[in-house]
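A.B. asks: In this note's numbering, the protein residues as written are 1031 to 1419. Glycine included, every Cβ here is placed at the ideal spot set by N, Cα and C.
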Ligand code: ARG
Ligand code: ZN
């Protein structure tokens, strides 16, 4: 009688699998329902075997009578496990008949280009490597941050736009492909999130972060005066109430410290540092903390000349370029100078549109042209850095 039952059960399982044979063709996931404590012990022992992976519950400690257990079995053990369960009268069924097939369904898209269609890109699974371009070997890297200053809204808008542009136009724009194939790009879209949020909710003209320190009612440190580059000398303010307050000590702010730590850790691959600000349409490079020339001033200046020339040619936009201190004012503790002194040979700060007609209140209709012209400049810089740094 029992023997007959087992034959029927086996036949039933095979029928359910759609194959009338006693060997499975793939790893399988079984659903098992132990009824008694003895059943539970058997199932727990299965879970302890190699060749198995418990899907549900997360730990075999939680296997109890009358609750469904999902367990993955290697092809080599599937049939013997089923036989064991049947012999002991433990209820089970096949949850995933063909594991290999489902794995293929999840991974088969990787040979097609991920960026050819943004719609389907986000509806596929992606391996870590695929999020970088095609080139081989360790790549040079660039870092770009936006939103150091809260009220400069075009800045985070640019970083976000830049990311989507690279995802969308890898196939269509050879310059984008060249960048992604030869460079890793790190983008920090909002370096000063507390300040940015404050400009949406409280004070549109806020510049600093929102740090509070004992001994003053004034709030905020200027993150672009908080780096350890001739910190808090002429051009920065020690007064916490000022908009260019340098903070209590270099890298006192966690936003500054986090960025500085990342750059320190990756300084051997990062060849280009870019910081996005607004407004005034300028392309600045070191130094801002001194009137002295940077060691590779000629190259920095030449690349800035190339970049602004391309902007004028393709977009009819004028950007002034030069070392920060001479072009605008002495301003110590800035990220660009600090990154440069760390050893990142190409370091630039962009001041995006406009020249003051709208200032920080640049209308949304100008986001796209503001981004496109700066993209041209950045592509000029990256292609130079890829070839020469
Ligand atoms: N407007 C920017 C600022 O005042 C210019 C940054 C130029 N670089 C610098 N290290 N100050 O922060
Ligand atoms: Zn700024």
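So, helix, strand or coil for residue 1197, using DSSP?
C.D. replies: Residue 1197 falls in the helix class under three-state DSSP.
A.B. asks: Please confirm whether residue 1383 and residue 1400 have their CB atoms less than 8 Å apart.
C.D. replies: The answer is yes: Cβ separation under 8 Å.
A.B. asks: Do residue 1237 and residue 1187 have their CB atoms nearer than 8 Å?
C.D. replies: No, the pair does not count as a contact, with Cβ atoms beyond the cut-off.
A.B. asks: So, with DSSP's three-state summary, where would you put residue 1320?
C.D. replies: Note: residue 1320 maps to coil in three-state DSSP.
A.B. asks: Considering only heavy atoms of the ligand ZN and the C-beta of each residue, which residues fall inside 7 Å, strictly closer?
C.D. replies: Those residues are 1178, 1179, 1182, 1254, 1307, 1308, given in chain order.
A.B. asks: On the DSSP bridge assignment, give the partners of residue 1249 in chain order.
C.D. replies: Answer is 1242.
A.B. asks: Suppose the cutoff is 7 Å on Cβ atoms and the five residues either side in sequence are ignored; what does the same chain contact list for residue 1039 look like?
C.D. replies: Residue placement at residue 1039 cannot be trusted, given a pLDDT of 36 that sits under 50; the coordinates are not used to answer.
A.B. asks: Kindly list the residues whose CB is nearer than 7 Å to the CB of residue 1269, restricted to its own chain and excluding five residues on each side of it in sequence; keep chain order.
C.D. replies: Cβ neighbours of residue 1269 beyond the five flanking positions: 1275.
A.B. asks: What's the C-alpha gap between residue 1245 and residue 1282?
C.D. replies: Spanning the two alpha carbons is a distance of roughly 16 Å.
A.B. asks: Alpha carbon to alpha carbon, how far is residue 1315 from residue 1357? Give it in angstroms, no decimals.
C.D. replies: The alpha-carbon atoms of residue 1357 and residue 1315 are separated by roughly 9 Å.
A.B. asks: Skipping 5 residues on each side, what residues in its chain have a beta carbon closer than 8 Å to that of residue 1152?
C.D. replies: Correct list: empty, nothing qualifies.
A.B. asks: Should residue 1286 be counted as a contact of the ligand ARG given a C-beta to heavy atom distance under 7 Å?
C.D. replies: No, the ligand ARG has no heavy atom inside 7 Å of this Cβ.
A.B. asks: Can you have a look at residue 1183 and say buried or exposed, based on whether 16 or more other CB atoms are within 10 angstroms of its CB?
C.D. replies: So residue 1183 ends up on the buried side.
A.B. asks: Need the endpoints of the alpha helix (DSSP H) that residue 1287 sits in, please.
C.D. replies: Note, residue 1287: alpha helix (DSSP H), 1284-1295.
A.B. asks: Could you tell me the distance, in whole angstroms, from the CA atom of residue 1059 to the CA atom of residue 1085?
C.D. replies: Taking the straight line joining both Cα atoms gives about 8 Å.
A.B. asks: Roughly how many whole angstroms lie between the Cα atoms of residue 1298 and residue 1285?
C.D. replies: For residue 1298 and residue 1285, the distance between alpha carbons rounds to 22 Å.
A.B. asks: Please name the residue, chosen from 1207, 1126, 1278, that lies closest to residue 1161 on a Cα-to-Cα basis.
C.D. replies: Closest option to residue 1161, Cα to Cα, is 1207.
A.B. asks: With distance defined between alpha-carbon atoms, name the residue in 1083, 1410, 1210 nearest to residue 1341.
C.D. replies: Minimum Cα distance to residue 1341 is reached at 1410.
A.B. asks: Could you check where the alpha helix (DSSP H) with residue 1401 kicks off and where it finishes?
C.D. replies: Start and end: 1397-1418.
A.B. asks: How big is the Cα-Cα spacing for residue 1106 and residue 1091?
C.D. replies: Distance between the alpha carbons of residue 1106 and residue 1091 is about 25 Å.
A.B. asks: Between 1257, 1330, 1407, which has its C-alpha nearest residue 1294's C-alpha?
C.D. replies: Residue 1257 is the option with its Cα nearest to residue 1294.
A.B. asks: Here's a check: name, in chain order, each residue in its chain whose Cβ is nearer than 7 Å to the Cβ of residue 1404, leaving out the five neighbours to either side.
C.D. replies: Cβ neighbours of residue 1404 beyond the five flanking positions: 1188, 1380, 1382.
A.B. asks: Alpha carbon to alpha carbon, how far is residue 1057 from residue 1122?
C.D. replies: Rounded to whole angstroms, residue 1057 to residue 1122 spans 16 Å at the Cα level.
A.B. asks: Nearest-angstrom Cα distance between residue 1112 and residue 1154?
C.D. replies: Each residue's Cα considered, the two are about 34 Å apart.
A.B. asks: Using DSSP's beta-bridge definition, name the partner residues of residue 1185.
C.D. replies: Beta-bridge pairing links residue 1185 to no other residue.
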